[in-house]
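Novice:
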Amino acid sequence: MFLSVFDMFKVGVGPSSSHTIGPMVAAARFLDHLRALPFGVAGLRASLHGSLAFTGIGHATDRAVILGLAGFRADDYDAGKADAELARIATEHTVTPDGLGTLLFHPKDDLHFDYGPALPGHANGLILRGTDAQGDVITQITYYSIGGGFVLTEAELQAGKDSDTGAPVPFPFQTAQEMLSMAARSGKTIAAMKQANELSRMPDTDLDKGLARIWEVMNNCINRGLETGGILPGGLQVRRRAKGIYEALQAERGMNLTAPHTINDFMSTYAMAVNEENAAGGQVVTAPTNGAAGVIPATIRYWLDHVPGATARRVPEFLLTAAAIGGLIKYNASISGAECGCQAEVGSAAAMAAAGLAAVLGGTPEQIENAAEIALEHHLGMTCDPVKGLVQVPCIERNGLGAIKAVSAASLALRGDGVHLVSLDVAIETMRQTGMDMSEKYKETALGGLAVNVPNC
27 MFLSVFDMFK VGVGPSSSHT IGPMVAAARF LDHLRALPFG VAGLRASLHG SLAFTGIGHA
87 TDRAVILGLA GFRADDYDAG KADAELARIA TEHTVTPDGL GTLLFHPKDD LHFDYGPALP
147 GHANGLILRG TDAQGDVITQ ITYYSIGGGF VLTEAELQAG KDSDTGAPVP FPFQTAQEML
207 SMAARSGKTI AAMKQANELS RMPDTDLDKG LARIWEVMNN CINRGLETGG ILPGGLQVRR
267 RAKGIYEALQ AERGMNLTAP HTINDFMSTY AMAVNEENAA GGQVVTAPTN GAAGVIPATI
327 RYWLDHVPGA TARRVPEFLL TAAAIGGLIK YNASISGAEC GCQAEVGSAA AMAAAGLAAV
387 LGGTPEQIEN AAEIALEHHL GMTCDPVKGL VQVPCIERNG LGAIKAVSAA SLALRGDGVH
447 LVSLDVAIET MRQTGMDMSE KYKETALGGL AVNVPNC
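At position 304 of the sequence shown (counting the first as 1) the number is 330 in my numbering, and the numbers step up by one without a gap.
So, in structure tokens, the structure goes:
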């Protein structure tokens with residue numbers, strides 16, 4: 027099993043990896059499908075199903091599909107160009123993706139929100155269609171946005187778990203136990219094994235540049251969030267808070283009466299800054315999802331800003347370790363809120379962050395695994411329950427708590443010997459089972475909980 031660090035950490039756009047980035051990726055794949063056909067199409071249609079329909083407007087899924095079919099991509103998204111293109115499409119009712127000419131597409135008529143039963147494969151489903159000049163469908167593909175910006179066709183989903191058709195990697199661990207056994211036999215750290223796997227597929231310069239860019243985007247996102255005030259989009263008139271809280275914390279720094287728990291406020295504010303940027307549709311890194319995008323950057327920023335001896339040179343070690351843990355969770359359970367609730371997003375991110383922090387603080391592989399298990403266990407049973415509208419209020423709050431729990435889990439693990447009763451593998455399997463038992467209305471359908479109890483929704 028191999029998932030690249032750049033699969034776990036993707037540069038994208040808010041507010042959702044499943045509902046925004048995934049549909050854009052699906053649209054790009056469909057355009058590639060059309061380019062490969064021996065015949066041309068004259069128009070496009072799309073239908074959204076399950077969670078993509080119920081929370082699609084609030085998560086900007088309609089916007090993502092329209093822009094995706096127009097040829098826009100999440101990793102190099104330009105907001106100004108996107109707004110201009112959306113305005114043109116609304117007037118001219120056409121898209122012009124590269125290599126396909128001008129295609130008919132009227133969002134009002136050709137983008138359908140299906141509020142009936144979800145498609146059978148996954149809660150996040152969409153069907154993209156190509157039509158001839160008479161409007162008859164001549165090709166179509168069903169896609170599923172399975173979390174973290176990952177997209178599978180119906181055929182790929184039916185084939186089973188994520189498959190890897192690349193060259194063999196030197197450390198192909200599929201469970202935490204296998205990871206620890208390989209670390210013991212090789213004498214390598216988790217980060218070193220993950221690095222070796224990455225370098226079997228890409229040059230070291232590409233890995234170094236890619237990891238540097240991931241942290242650059244994460245850190246820039248924190249900074250923008252700490253510097254930007256105002257009201258978040260979505261119609262609920264939610265005021266950005268990160269800027270004001272951070273300024274108050276900075277003013278208190280150095281005062282003799284500052285309470286020790288203030289460090290938690292810093293971590294929460296870093297996470298809040300990221301998730302406010304995400305809610306505003308800004309550039310973020312899925313880590314491993316947009317809904318959980320604040321946890322890992324906040325934990326790294328806490329380490330760099332507040333822990334003596336921390337250095338940015340070791341951020342790649344943090345990211346590689348976190349990606350190894352994230353890969354185990356995705357392969358053996360899920361990072362999708364639509365599948366397993368918030369535990370699969372913020373819980374996974376907290377486990378990844380705890381592992382990364384334990385690594386850069388000098389933890390052994392056993393202590394790193396223990397840190398991930400403690401953090402994940404603290405989130406077991408959390409449901410997703412998003413509030414309708416672009417403002418993902420519960421996610422913004424939970425990311426701060428996720429960062430605090432990650433730091434606490436790493437600290438506890440480093441004070442122990444890595445020996446514990448509950449293994450990371452057991453915690454991951456428990457999360458999978460818990461997620462399968464959850465009622466769908468408390469995941470991402472917005473049919474229960476806060477989504478129906480907040481009057482303005």
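Virtual Cβ for every residue (Gly too), placed ideally from N, Cα, C.
Using the C-alpha atoms, what's the distance from G373 back to L473?
Specialist: To locate residue 473, count along the sequence shown from 1; it is residue 447. To locate residue 373, count along the sequence shown from 1; it is residue 347. Their backbone Cα atoms lie some 22 Å apart in a straight line.
Novice: Locate the alpha helix (DSSP H) running through V341, then write down its first and last residues.
Specialist: Start at 1 with the first residue of the sequence shown, and residue 341 comes out as number 315. Here the alpha helix (DSSP H) through V341 covers 341-358.
Novice: Taking 7 Å as the cut-off, is the CB of E180 close to at least one heavy atom of the ligand COA?
Specialist: This structure does not include the ligand COA; it has no bound ligands of any sort.
Novice: Output yes or no for whether 8 Å exceeds the beta carbon distance between G367 and C410.
Specialist: Numbered from its first residue, the sequence shown carries residue 367 at position 341. Numbered from its first residue, the sequence shown carries residue 410 at position 384. Yes; because the gap between Cβ atoms is below 8 Å, this pair is in contact.
Novice: What first and last residue would you give for the beta strand (DSSP E) that runs through H404?
Specialist: In the sequence shown, counting from the first residue as 1, residue 404 sits at position 378. Counting along the chain, H404 falls outside any beta strand (DSSP E), though it belongs to the alpha helix (DSSP H) covering 391-405.
Novice: Between P196 and the rest of its own chain, which residues show a CB-CB distance below 8 Å, the 5 nearest in sequence each way excluded?
Specialist: Position 170 of the sequence shown, counted from the start, is the residue given in the question as residue 196. Contacts found: M219, A222, N223, S226.
Novice: Take T315 as the anchor and find which of K356, M281, Q276 has the nearest alpha-carbon.
Specialist: Position 289 of the sequence shown holds residue 315. Nearest of K356, M281, Q276 to T315, Cα basis: K356.
Novice: Tell me whether F80 sits in a helix, a strand or coil according to DSSP, three-state version.
Specialist: One-based indexing of the sequence shown puts residue 80 at position 54. Correct three-state label for F80: helix.
Novice: Determine whether the beta carbon atoms of V386 and W329 lie at a separation below 8 Å.
Specialist: Taking the sequence shown and counting its residues from 1, one reaches residue 386 at position 360. Taking the sequence shown and counting its residues from 1, one reaches residue 329 at position 303. Cβ atoms of V386 and W329: closer than 8 Å.
Novice: Can you find the residues in the same chain that come closer than 7 Å, C-beta to C-beta, to L346, ignoring five residues on each side of it along the sequence?
Specialist: If you number the sequence shown from 1, residue 346 lands on position 320. The answer, listed in chain order, is V31, A217, K220, Q221.
Novice: Can you tell me the Cβ-Cβ gap for A297 and G320, rounded? I've got them flagged as a contact below 8 Å.
Specialist: Looking up residue 297 in the sequence shown gives position 271. Looking up residue 320 in the sequence shown gives position 294. 3 Å between Cβ atoms; contact.
Novice: Does the separation of the CB atoms of L406 and T460 fall below 8 Å?
Specialist: As a working mapping, residue 406 is identified with position 380 in the sequence shown. As a working mapping, residue 460 is identified with position 434 in the sequence shown. Against a cut-off of 8 Å, the Cβ pair of T460 and L406 comes out as a contact.
Novice: On a Cα-Cα basis, can you pick out the residue from T295, I289, L60, S449 that is closest to E423?
Specialist: If you number the sequence shown from 1, residue 423 lands on position 397. That would be T295, whose Cα lies nearest to the Cα of E423.
Novice: From the DSSP output, in three-state form, read off H119 for me.
Specialist: As a position in the sequence shown, residue 119 is number 93, starting the count at 1. Reduced to three states, the DSSP call for H119 is coil.
Novice: Taking three-plus beta-carbon pairs below 8 Å as touching, is the stretch 98-116 in contact with the stretch 155-174?
Specialist: These segments do not touch.
Novice: With distance defined between alpha-carbon atoms, name the residue in M27, G175, A53, I430 nearest to P123.
Specialist: Walking along the sequence shown from the start, residue 123 turns up at place 97. Nearest option by C-alpha distance: A53.
Novice: Please say whether A299 and G260 have beta carbons closer to each other than 8 Å?
Specialist: Here residue 260 is taken as the residue at index 234 of the sequence shown, counted from 1. Here residue 299 is taken as the residue at index 273 of the sequence shown, counted from 1. Against a cut-off of 8 Å, the Cβ pair of A299 and G260 comes out as no contact.
Novice: Looking at the unbroken beta strand (DSSP E) that takes in Q459, where does it start and where does it end?
Specialist: Position 433 of the sequence shown, counted from the start, is the residue given in the question as residue 459. It is not in any beta strand (DSSP E) - Q459 instead sits in the alpha helix (DSSP H) that spans 450-463.
Novice: Please specify which runs of the beta strand (DSSP E), each continuous and at least 3 residues long, are wholly inside the stretch 414-444, giving them in chain order.
Specialist: As far as the stretch 414-444 is concerned, it has no whole beta strand (DSSP E) run of at least 3 residues.
Novice: Over the uninterrupted alpha helix (DSSP H) stretch that includes T325, give me the two end residues.
Specialist: Taking the first residue of the sequence shown as position 1, residue 325 is located at position 299. Start and end: 321-332.
Novice: Hey, could you find the ends of the beta strand (DSSP E) R227 is sitting in?
Specialist: Position 201 of the sequence shown, counted from the first residue, corresponds to residue 227. Run containing R227: none; DSSP gives neither H nor E here.
Novice: Enumerated in chain order, which unbroken segments of the beta strand (DSSP E) with a length of 3 residues or greater are wholly contained in the stretch 133-177?
Specialist: Runs of the beta strand (DSSP E) inside the stretch 133-177: 137-140, 150-157, 163-173.
Novice: Measuring straight from C-alpha to C-alpha, what distance separates V341 and W241?
Specialist: Along the sequence shown, one-based indexing puts residue 341 at 315. Along the sequence shown, one-based indexing puts residue 241 at 215. Those two C-alpha atoms are separated by around 8 Å.
Novice: Pick from I454, L95, H59: whose alpha carbon is nearest that of P49?
Specialist: The residue you call residue 49 lines up with position 23 of the sequence shown. Here the closest residue by C-alpha is L95.
Novice: When we look at the beta-carbon of L206 and count the other beta-carbons within 10 Å, is it buried (16 or more) or exposed?
Specialist: The residue labelled residue 206 in the question sits at position 180 within the sequence shown. Under this definition L206 is a buried residue.
Novice: Quick one: Cα of R155 to Cα of V163, how far?
Specialist: What you label residue 155 is simply residue 129 of the sequence shown in a count that begins at 1. What you label residue 163 is simply residue 137 of the sequence shown in a count that begins at 1. Going from the Cα of R155 to the Cα of V163 covers about 6 Å.
Novice: Please go through the same chain and pick out, in chain order, the residues whose beta-carbon is closer than 7 Å to the beta-carbon of A338, but skip the five residues on each side of it.
Specialist: Within the sequence shown, numbered from 1, the residue matching residue 338 stands at position 312. Around A338: L330.
Novice: Which same chain residues, not among the five before or five after I47, have their C-beta less than 6 Å away from its C-beta?
Specialist: Start at 1 with the first residue of the sequence shown, and residue 47 comes out as number 21. G38, A100, G175, listed in sequence order.
Novice: Identify the continuous beta strand (DSSP E) that holds Q309 and give its terminal residues.
Specialist: Residue numbering aside, residue 309 sits at position 283 when the sequence shown is read from its first letter. Per DSSP, Q309 belongs to the beta strand (DSSP E) from 309-312.
Novice: So, are the CB atoms of S73 and H138 less than 8 Å apart?
Specialist: Counting from one through the sequence shown, the residue named residue 73 turns up at place 47. Counting from one through the sequence shown, the residue named residue 138 turns up at place 112. Contact: yes.
Novice: According to the neighbour-count rule (16 or more other Cβ atoms, all chains shown, within 10 Å of its Cβ), is P323 buried or exposed?
Specialist: As a working mapping, residue 323 is identified with position 297 in the sequence shown. So P323 ends up on the buried side.
Novice: Residue ranges of each beta strand (DSSP E) run of no fewer than 3 residues wholly in the stretch 46-119, ordered along the chain?
Specialist: Correct list: 69-76.
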